[in-house]
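Numbering (the working numbering), first residue to last: 736 to 903.
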């Protein structure tokens, strides 16, 4: 069994999730993705060809420059350059301080839950907040429930803020 995937080896990982009443296959056709979630900014660029005009991008602002970039003497794109590049495809681009928010809770590993909450706040997932919160708590050991509830809530607040409306 493989225990160290590409992401742990410094590579890129793309996962697709399709659900609905008429899902024709596991892969999403290019240009037809509803939402792209990128835990690192360059990941959004790597997969942008799956985006279309209505695609919502949620991108973690934390930059992780691959060692190869330094070794080859290349420049890593700035967030503004990434934003401008993606704007050619979609106007729905949101950046979030996922690592910063998770770190404020004392556990950077909650970043994925922060970002999931932000998707709920942005209203881009056809799932109920309660359903996702229950799934998170069912999946995690009880000692991690409180911190992940907080991470989820902070993510929802940030997503709502990014969407530009009150969280009331």
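We put the beta carbon where it would ideally sit given N, CA and C, even for glycine.
To the nearest angstrom, report how far apart residue i and residue j are at their CA atoms.
| i | j | result |
| --- | --- | --- |
| residue 771 | residue 894 | 14 Å |
| residue 897 | residue 887 | 15 Å |
| residue 881 | residue 779 | 30 Å |
| residue 901 | residue 807 | Per-residue confidence for residue 901 stands at a pLDDT of 42, beneath the threshold of 50, marking its modelled position as unreliable; the derived number appears in the next sentence. Each residue's Cα considered, the two are about 46 Å apart. |
| residue 788 | residue 825 | 4 Å |
| residue 884 | residue 755 | 27 Å |
| residue 870 | residue 834 | 22 Å |
| residue 851 | residue 860 | 9 Å |
| residue 766 | residue 750 | 16 Å |
| residue 899 | residue 830 | 13 Å |
Taking the alpha carbon of residue i as the point to measure from, which residue in the options has its own alpha carbon closest?
| i | options | result |
| --- | --- | --- |
| residue 827 | 765, 883, 796, 818 | 818 |
| residue 875 | 860, 857, 847 | 847 |
| residue 878 | 766, 865, 842 | 842 |
Can you have a look at residue i and say buried or exposed, based on whether 16 or more other CB atoms are within 10 angstroms of its CB?
| i | result |
| --- | --- |
| residue 738 | Any reading at residue 738 is ruled out, since the residue's pLDDT is 44, under 50, leaving its predicted position unreliable. |
So, at 8 Å on beta carbons, what are the nonlocal neighbours of residue i in its own chain, with the 5 sequence-adjacent residues on each side left out?
| i | result |
| --- | --- |
| residue 820 | 780, 783, 812 |
Which same chain residues end up closer than 7 Å to residue i when comparing Cβ atoms and leaving out the 5 residues on each side of it in sequence?
| i | result |
| --- | --- |
| residue 832 | 796 |
Spatial neighbours of residue i within its chain, please: CB distance less than 6 Å, with the 5 preceding and 5 following residues excluded, ordered by chain position.
| i | result |
| --- | --- |
| residue 856 | 891, 894, 895 |
DSSP three-state call for residue i: helix, strand or coil?
| i | result |
| --- | --- |
| residue 819 | helix |
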